[in-house]
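**Student:** This is the structure I want to talk about, given as structure tokens.
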Amino acid sequence: MANKVIVETTINGDPVELLCEPRQSLLEVLRDVLELTGSKEGCLTGDCGACTVVIDGRPVCSCLMLGVEAAGKNVSTIEGLATGAALHVLQRKFLEHASLQCGICTPGFLMSAKALLDRNPNPTEAEIRYALAGNLCRCTGYDKIVRAVTDAAATMAGRSSRTAHGGAVPAETASGMVSEMLAKGEDK
Amino acid sequence: MKLEGAGLTRVRPFVLMATVVIPALLRKLTNGQDRVTASGRNLGQVVADLERQFPGLREHLVEDDELKPSVAVSIDGEMGMAGVLEPVRENSEIFFIPAIGGG
Amino acid sequence: MAASTTNGFKVIGTRPIRHDGVDKVTGRAKYGADYAFPGMLHGKVLRSPHAHANIKSIKIDKALALPGVKAIVTADDLPKLPDKMEAAGEQAINLNHLSMNILARGKALYDGHAIAAVAATSSHIADEALRLIEVEYEPLAPVMTVEDGMKPGATILLPTLRNKEDGPDKETNVAAHLQFKRGDVAEGFKQADYVVEREFKTAMVHQGYIEPHNAIGIYNADGHATIYCSTQGSFVVRSLSAAVLGISEGKIKVVPAEIGGGFGGKTTVYLEPLAVLLSQKTGHPVKMTMTRAEVLRATGPTSGSTIRCKMGATKDGKLVAAQCWLAYEAGGFPGSPVGAGAMTILAPYNIPNILVDAYDVVVNRPKTAAYRAPGASNAAMASETVLDELAEKCGIDPLDIRLINGSHEGTPQTVGPPFKRIGLIETIEAIKNGEHYKSRLTGPNRGRGVASGFWFNVGLQSSATINIHTDGTVSLVIGSVDIGGTRAAQAMIAAEVLGVDVNDVRPTIADTDSIGHTDVTGGSRTCFATGWAVYEAAQDCIRQLKERAAKLWEKKPDEVVFENGMLSPAQPGGDLKPMSIKQIAPRLARTGGPIVGRATINARAVGPAFATICVDVEVDPDTGKTQILRATIAQDVGKAIHPAYVEGQMQGGTAQGIGWALNEEYFYDDRGILRNTGLLDYRMPTCLDLPPIETLIVEVPTPGHPLGIRGVGEVSIVPPPAAVANAIYHAVGVRMTELPMSPSRLLKAILKKRAAGETQAAAAD
């Protein structure tokens with residue numbers, strides 16, 4: 024008798040039909056069934072947030088949800104944050120502010136930050152820290168992460184864009200193919 | 002010794018004397034001295050000379066003809082990466098230190 | 010010849026986007042657990058439920074019979090290795106102990122010790138199979154503290170363990186005793202006007218990397234194996250896995266995946282040899298990952314410790330003597346960082362009379378592994394708080410007492426050699442003259458604390474290869490895994506020397522077949538040593554470029570100069586136009602072929618570092634909770650190649666130090682079972698627990714290094730616990746001597762002080 028169940032869901036805007044066992048978490052389904060390995064496993068108990076996805080607008084630890092529970096839902100993962108080859112403002116700001124060191128927590132932070140800015144486009148530093156308290160980072164001490172989210176919020180709201188260390192965009196970050204691409208990315 | 006012309010040429014001494022600082026727990030083997038002199042052109046020769054002067058010292062420093070894995074050496078402030086082959090200069094100051102790692 | 014212009018650096022010191030950045034913010038970057046291979050099986054490890062037990066028997070037939078299970082291995086499937094120390098990169102390792110840690114042989118030595126490993130068609134089936142393995146244990150009394158391990162008549166963990174002092178006939182749990190001595194402490198203390206002596210206890214803590222360990226082993230029928238894993242040292246994985254498996258190193262290729270944090274905890278092996286062994290038994294690739302509980306129970310936290318520190322000063326604040334006694338938990342096998350603790354505890358100070366005794370003690374806890382400046386944070390908690398007390402007794406500002414006694418060039422280190430040029434004083438002055446220290450801290454239950462700390466750096470071996478392509482872009486191949494942005498810094502060094510745009514340099518971190526031997530990314534050595542190799546490899550390119558230009562211009566190579574990225578004739582004038590690398594690149598084929606520059610290094614120079622930190626705290630006197638209001642760290646980095654990632658190292662270490670100070674600890678119950686095996690109860694700082702972390706980069710170049718780089722990755726974790734302890738004292742008047750200073754502990758101390766005050770007041774009535 025077959026163990027697996029057919030699940031119909033939407034991942035990053037695309038309809039997806041997948042097969043999984045009922046005991047598999049959504050995180051496992053994303054990574055091992057759909058090969059979307061951008062969401063990371065850090066603790067499997069919902070404490071570190073490395074597996075954060077956004078489901079119908081809410082940030083969720085995908086390790087705490089079963090794959091079968093995704094049926095009929097809209098699941099957004101890190102793989103859907105950029106638009107084609109254009110990075111989301113949050114992604115650009117994380118790079119500009121050097122908000123990642125090992126990068127394993129970064130997808131989770133970006134998804135939590137996106138969910139925050141979608142519901143609160145002008146958060147204070149305290150609101151940002153509160154919203155991101157469910158995402159653990161061991162490398163950065165969070166300083167540059169908070170700066171990046173603050174800067175992204177300002178940019179998305181059309182306020183002036185500040186750089187990592189306050190002042191105009193220095194020539195050295197403006198040069199190069201990668202930086203050009205970042206500059207061309209559309210503000211969402 | 003060579004005589005060249007009217008003057009004497011400075012000749013490198015055949016035997017180089019270096020200062021070796023003895024780790025605290027090994028000073029019982031050196032009559033309590035914390036600094037001793039030893040001769041040799043490289044660290045291996047220095048250790049051999051130390052053993053001649055203070056029998057029993059060598060086995061704490063060298064194993065299978067190489068520095069023990071738990072022992073590192075600092076010579077004049079630089080790490081001696083060549084082990085027993087590390088060259089020793091006249092008046093070098095040699096410290097044997099525990100090999101430690103980072104994270 | 011230096012490639013930089015007289016105007017200073019063009020690339021070094023700027024903040025370009027890291028080359029792997031886009032992959033990391035889009036989820037494309039592949040970490041070890043992200044790889045998959047056709048026919049891959051999943052491996053899981055059965056772990057001891059006892060802290061200390063003899064293993065009487067292991068029965069695997071029921072588990073093997075479970076459909077989907079393909080192989081099960083125990084220590085009997087590994088060769089028995091010699092019980093002696095071998096050199097392994099940074100330090101010495103006992104291979105027998107390493108092997109027994111990977112799969113227990115005869116005895117379980119800690120809760121979580123690996124007993125057997127299973128490969129099955131899914132990780133869920135592997136988990137079920139673990140439950141079907143029958144192990145007969147004979148539990149023994151657990152030894153959980155250094156005191157229990159050192160006392161006469163202690164239960165012995167390793168019957169063959171001996172130390173030099175007790176001799177060949179005495180069973181012991183003390184694996185080593187080190188001592189450092191200078192002058193005469195008894196005489197020294199006689200000269201002191203004030204003496205402070207305290208005993209400290211620090212709890213075992215974990216590196217806390219967010220990514221659990223992973224390994225994929227692929228064994229081929231020709232006897233060669235490939236390992237994909239997240240590691241800080243691909244060559245370490247190669248040599249240690251080969252040793253544990255009893256095969257030659259040359260039969261193993263290690264492909265380092267991206268790594269999700271290490272901090273020293275991923276400089277050894279746990280799963281890698283098992284994955285290869287299971288692959289050999291099954292003929293399939295085998296993937297193994299750890300759960301968070303396994304990471305906490307059975308990888309390598311750093312030592313809890315007991316430290317006694319006694320320091321004496323004259324009334325004008327001059328330190329005259331210091332005596333320290335340190336005992337660190339090694340875990341189930343010897344090898345705590347107590348030696349480094351002993352060598353760093355007094356490092357920031359010039360003290361004429363010192364005596365330091367250090368003991369490495371085995372206990373029934375996991376075998377410790379390196380954690381960012383291993384051993385030093387424990388030690389600094391002791392010495393930097395004792396010094397704070399002395400400063401108070403002398404009536405001297407705590408930064409000033411550090412300036413009075415601070416180490417500088419020529420100060421003898423505890424371990425002997427005098428320091429070369431170092432930047433401790435500069436970091437203290439940076440804090441003292443900084444806005445934070447000058448600001449007034451007002452309000453009840455608020456206090457400010459400072460502390461300094463020291464960490465070495467190791468040099469060791471690195472290799473670098475630079476290829477110049479036909480379009481003038483450059484590929485840089487190195488062996489140093491990137492855990493914090495170092496690949497960008499390496500590319501910047503190459504770009505600086507070659508005078509090309511940093512985005513025209515493509516850095517690659519190569520597998521062990523594709524790059525020369527490179528020691529771990531750790532020990533604060535990556536930018537220092539690999540950067541040195543990159544610098545030299547770029548110089549090698551320049552030598553070859555000059556030869557090519559000389560050919561084109563029909564000159565001799567020494568008649569060509571390379572400056573600001575341009576080749577030009579030494580004799581100006583004439584119609585020979587200067588060429589950039591981009592311009593000469595299309596002509597390389599006809600002048601001799603491709604240009605590949607290379608260099609290797611086994612670094613002799615040392616670039617140790619100091620940091621000084623200032624923290625402001627507010628303590629809630631009703632709950633004992635400490636909030637960090639403000640933190641500023643000053644660190645001597647030699648030369649900041651990419652300042653943003655240097656700041657990142659300073660901030661990250663500070664954050665870990667604060668967690669170590671306030672919340673993190675291993676809770677073992679009286680059976681020796683770890684009770685906080687998850688990240689809810691192993692409580693690391695969240696975003697909400699920390700303020701912005703201000704950084705002051707100090708640059709005192711390392712003598713002998715072509716760019717002056719110092720080891721930068723570790724020292725920032727050393728002073729924060731002591732600084733927080735000092736701040737708490739100045740906030741609520743209690744001297745904490747135990748880490749962590751969790752709310753319950755601090756509250757207890759506050760209430761005790763209050764009660765003592767009330768008793769005194771009552772007595773006075």
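Listed in order, the protein sequences are those of chains W, G and H.
Each number in the working numbering corresponds to the 1-based position in the first sequence with 23 added.
Each number in the working numbering corresponds to the 1-based position in the second sequence with 1 added.
Each number in the working numbering corresponds to the 1-based position in the third sequence with 9 added.
Backbone N, C-alpha and C define an ideal beta-carbon position, used for all residues, glycine too.
In chain W, which residues lie less than 8 Å from Lys33 (chain H) when you measure between Cβ atoms?
**Tutor:** The contacting residues are Leu123, Gly126 and Thr129.
**Student:** Who pairs with Gly321 (chain H) in a beta bridge, going by DSSP?
**Tutor:** Answer is H:Val204 and H:Ala330, bridged to Gly321 (chain H).
**Student:** Residue range of the alpha helix (DSSP H) that His445 (chain H) falls in?
**Tutor:** Where His445 (chain H) is concerned, the enclosing alpha helix (DSSP H) stretches over Glu444 to Lys447.
**Student:** Could you work out which residue in H:Ile642, H:Ala117 and H:Asp645 is closest to Pro375 (chain H) when comparing CA atoms only?
**Tutor:** Nearest option by C-alpha distance: H:Ala117.
**Student:** Quick one, are the C-beta atoms of Leu433 (chain H) and Pro361 (chain H) less than 8 Å apart?
**Tutor:** Not closer than 8 Å, so no.
**Student:** Using a Cβ-Cβ cutoff of 8 Å, what residues of the stretch 664-688 of chain H are near chain W? List them in chain order.
**Tutor:** Listed by position, the residues of the stretch 664-688 of chain H near chain W (Cβ gap below 8 Å) are Ala664, Gln665, Gly687 and Leu688.
**Student:** Pick from H:Ser448, H:Ala135, H:Pro578 and H:Pro728: whose alpha carbon is nearest that of Ala389 (chain H)?
**Tutor:** The candidate whose alpha carbon is nearest that of Ala389 (chain H) is H:Pro728.
**Student:** If we cut at 8 Å on Cβ distances, does Leu755 (chain H) have a partner in chain W?
**Tutor:** No, no contact with chain W.
**Student:** Beta-carbon within less than 7 Å of Thr181 (chain H)'s beta-carbon, same chain only, minus the 5 sequence neighbours each way: which residues are those?
**Tutor:** Once the five neighbours on either side are set aside, the close Cβ partners of Thr181 (chain H) are Leu170, Arg171, Asn172 and Asp175.
**Student:** For Ser472 (chain H) versus His526 (chain H), is the C-beta distance shorter than 8 Å?
**Tutor:** Cβ distance < 8 Å, so Ser472 (chain H) and His526 (chain H) count as in contact.
**Student:** Is the separation between the beta-carbon of Arg457 (chain H) and that of Ala758 (chain H) shorter than 8 Å?
**Tutor:** It is not a contact, given that the beta carbons lie outside the stated cut-off.
**Student:** If we define contact as Cβ-Cβ less than 8 Å, is Thr75 (chain W) a contact residue for chain H?
**Tutor:** Chain H contact via Cβ: absent.
**Student:** Determine, for Pro427 (chain H), whether the minimum Cβ-Cβ distance to residues of chain G falls below 8 Å.
**Tutor:** Closer than 8 Å to some Cβ of chain G, the Cβ of Pro427 (chain H) qualifies, so yes.
**Student:** I think Val655 (chain H) touches Ile706 (chain H), with their Cβ atoms under 8 Å apart; what is that distance to the nearest whole Å?
**Tutor:** 6 Å between Cβ atoms; contact.
**Student:** Who are the neighbours of Tyr218 (chain H) on chain W, taking C-beta pairs under 7 Å?
**Tutor:** Near Tyr218 (chain H) (Cβ distances below 7 Å), the residues of chain W are Arg161.
**Student:** Helix, strand or coil, according to DSSP, for Asn611 (chain H) in the structure here?
**Tutor:** Three-state DSSP puts Asn611 (chain H) in a strand.
**Student:** Identify every run of the beta strand (DSSP E) within the stretch 652-713 of chain H, keeping only runs that are complete inside it and at least 3 residues long; order them along the chain.
**Tutor:** Fully enclosed beta strand (DSSP E) runs of 3 or longer: 702-707.
**Student:** Which of helix, strand or coil does DSSP assign to Tyr544 (chain H)?
**Tutor:** Here Tyr544 (chain H) sits in helix by DSSP.
**Student:** Between the Cα of Arg129 (chain H) and the Cα atoms of H:Glu143, H:Leu107, H:Asn105 and H:Ile81, which residue gives the shortest distance?
**Tutor:** This sequence places Ala at residue 129 (chain H); Arg is not what is there. Looking at the Cα atoms, H:Ile81 is the closest of the given residues.
**Student:** So, Ala201 (chain H) versus Ala322 (chain H), is the Cβ gap smaller than 8 Å?
**Tutor:** Yes, they are a contact pair.
**Student:** Between Val155 (chain H) and Gly226 (chain H), is the Cβ-Cβ spacing less than 8 Å?
**Tutor:** No, the pair does not count as a contact, with Cβ atoms beyond the cut-off.
**Student:** Below 7 Å CB to CB, which residues in the same chain sit around Val246 (chain H) once its five sequence neighbours on both sides are set aside?
**Tutor:** The residues are Ile236, Cys238, Thr240, Val263, Val278 and Glu281.
**Student:** By how many angstroms is the C-alpha of Pro426 (chain H) removed from the C-alpha of Arg75 (chain G)?
**Tutor:** For clarity, residue 75 (chain G) is Ser in the given sequence; the question names Arg instead. Each residue's alpha carbon lies about 7 Å from the other.
**Student:** Cβ closer than 7 Å: which chain W residues qualify as neighbours of Pro91 (chain H)?
**Tutor:** Under the 7 Å cutoff, chain W gives no residues; its nearest Cβ is about 36 Å from Pro91 (chain H).
**Student:** List the whole-angstrom C-beta distance separating Glu338 (chain H) from Thr377 (chain H), where the pair is believed to meet the contact cut-off of C-beta under 8 Å.
**Tutor:** At roughly 7 Å, the Cβ-Cβ gap stays under 8 Å, so Glu338 (chain H) and Thr377 (chain H) are in contact.
**Student:** In the DSSP assignment, find the alpha helix (DSSP H) that holds Gly350 (chain H) and state where it starts and stops.
**Tutor:** Taken as a continuous stretch (DSSP letters only), the alpha helix (DSSP H) holding Gly350 (chain H) covers Val347 to Thr353.
**Student:** Is the CB of Val22 (chain G) under 8 Å away from at least one CB in chain H?
**Tutor:** Cβ-Cβ to chain H under 8 Å: yes for Val22 (chain G).
**Student:** Mind pulling the beta strand (DSSP E) runs of 3 or more residues that sit fully within the stretch 359-389 of chain H?
**Tutor:** Counting only runs of 3 or more, we get 362-371.
**Student:** Could you tell me if Leu49 (chain W) is buried or exposed, where buried requires 16 or more neighbouring beta carbons within 10 angstroms of its beta carbon?
**Tutor:** With 16 or more Cβ atoms within 10 Å of its Cβ, Leu49 (chain W) is classed as buried.
**Student:** Could you check if Ala649 (chain H) is buried or exposed, using at least 16 other CB atoms within 10 Å of its CB as the buried criterion?
**Tutor:** It counts as buried.
**Student:** Distance check for Val514 (chain H) and Gly30 (chain H), CA to CA, integer angstroms please.
**Tutor:** So the two alpha carbons sit approximately 14 Å from each other.
**Student:** Residues in the stretch 517-546 of chain H with C-beta within 9 Å of chain G's C-beta atoms, listed in sequence order?
**Tutor:** Residues Val529, Gly531, Gly532, Ser533 and Arg534.
**Student:** Taking 8 Å as the threshold (beta carbon to beta carbon), is Glu723 (chain H) in contact with chain G?
**Tutor:** For Glu723 (chain H), the answer is yes, since a Cβ of chain G falls inside 8 Å of its Cβ.
**Student:** Over what stretch of residues does the alpha helix (DSSP H) that includes Ser135 (chain W) continue unbroken?
**Tutor:** Thr129 to Arg142 is the span of the alpha helix (DSSP H), which, as asked, contains Ser135 (chain W).
**Student:** With a threshold of 16 other CB atoms inside 10 Å of the CB of Asn4 (chain H), please say whether the residue is buried or exposed.
**Tutor:** In this structure chain H extends from 10 to 774, so residue 4 (chain H) is not present and cannot be described.
**Student:** Any beta carbon from chain G within less than 8 Å of Met424 (chain H)'s own beta carbon?
**Tutor:** Per the sequence presented here, residue 424 (chain H) reads as Val, with Met not at that position. Judged by the 8 Å Cβ criterion, Val424 (chain H) is in contact with chain G.
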